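Colleague: Numbering-wise, the sequence shown is residues 23 to 117 according to the numbering used here. Structure provided below as structure tokens; questions to follow.
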Amino acid sequence: MVKEALPLHYEGLMADGEPLPQVHEIDDHLHNPDCAGGIWGVVEFDVAPYFGKAVRFNATLPEHLLERIDQTVKRDPRYRSRSGFLAAALRELAQ
Numbered sequence: 023m024v025k026e027a028l029p030l031h032y033e034g035l036m037a038d039g040e041p042l043p044q045v046h047e048i049d050d051h052l053h054n055p056d057c058a059g060g061i062w063g064v065v066e067f068d069v070a071p072y073f074g075k076a077v078r079f080n081a082t083l084p085e086h087l088l089e090r091i092d093q094t095v096k097r098d099p100r101y102r103s104r105s106g107f108l109a110a111a112l113r114e115l116a117q
């Protein structure tokens, strides 16, 4: 039922103008005293559609920063692309 509840929850938050929950690493929750003694489960849920339509833009960055982004994307499959890296970094900063 979680897979049915999550989209409804996100749609409700958007309708009420509330911020969407931010993605966190599981370790953040494991060390959170509010979560102590809980039962854990993992549910795959694509949050991308709730952040709005993708828009293409041009950006200019120093070459060494672009190389660092590319190295990070290659090492960490969470990002998938330069755009994925930039989006994740901005979501983290907005917390």
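From the three backbone atoms N, C-alpha and C, an ideal C-beta is built for every residue, glycine too. It should be emphasised that the depicted structure is a prediction, and the values quoted were computed from it without experimental measurement.
Does the distance from the CB of Tyr-72 to the CB of Met-36 come in under 9 Å?
Modeller: On the sequence shown, residue 72 is found 50 positions in, with the first residue counted as 1. On the sequence shown, residue 36 is found 14 positions in, with the first residue counted as 1. Contact flag set, yes.
Colleague: Quick one: give me the first and last residue of the alpha helix (DSSP H) that Ile-91 is part of.
Modeller: Taking the sequence shown and counting its residues from 1, the one referred to as residue 91 is at position 69. Taken as a continuous stretch (DSSP letters only), the alpha helix (DSSP H) holding Ile-91 covers 85-97.
Colleague: To the nearest angstrom, report how far apart Asp-38 and Arg-100 are at their CA atoms.
Modeller: Counted from its first residue, the sequence shown places residue 38 at position 16. Counted from its first residue, the sequence shown places residue 100 at position 78. Rounded to whole angstroms, Asp-38 to Arg-100 spans 29 Å at the Cα level.
Colleague: From the DSSP output, in three-state form, read off Tyr-72 for me.
Modeller: Locating residue 72 in the sequence shown gives position 50, counting from the first residue. The answer is helix: DSSP assigns Tyr-72 an H, G or I state.
Colleague: Going by DSSP, what residue range makes up the alpha helix (DSSP H) through Arg-78?
Modeller: Counting from one through the sequence shown, the residue named residue 78 turns up at place 56. No alpha helix (DSSP H) contains Arg-78, which DSSP labels as neither H nor E.
Colleague: If I'm right that Lys-96 touches Val-65 with Cβ under 8 Å, what's the distance once you round it to whole angstroms?
Modeller: For this step, residue 96 is matched to residue 74 along the sequence shown. For this step, residue 65 is matched to residue 43 along the sequence shown. That pair is no contact at about 28 Å.
Colleague: Distance check for Leu-108 and Lys-75, CA to CA, integer angstroms please.
Modeller: For the purposes of this step, residue 75 is identified with residue 53 of the sequence shown, where counting begins at 1. For the purposes of this step, residue 108 is identified with residue 86 of the sequence shown, where counting begins at 1. If you take the alpha carbons of Lys-75 and Leu-108, they lie about 16 Å apart.
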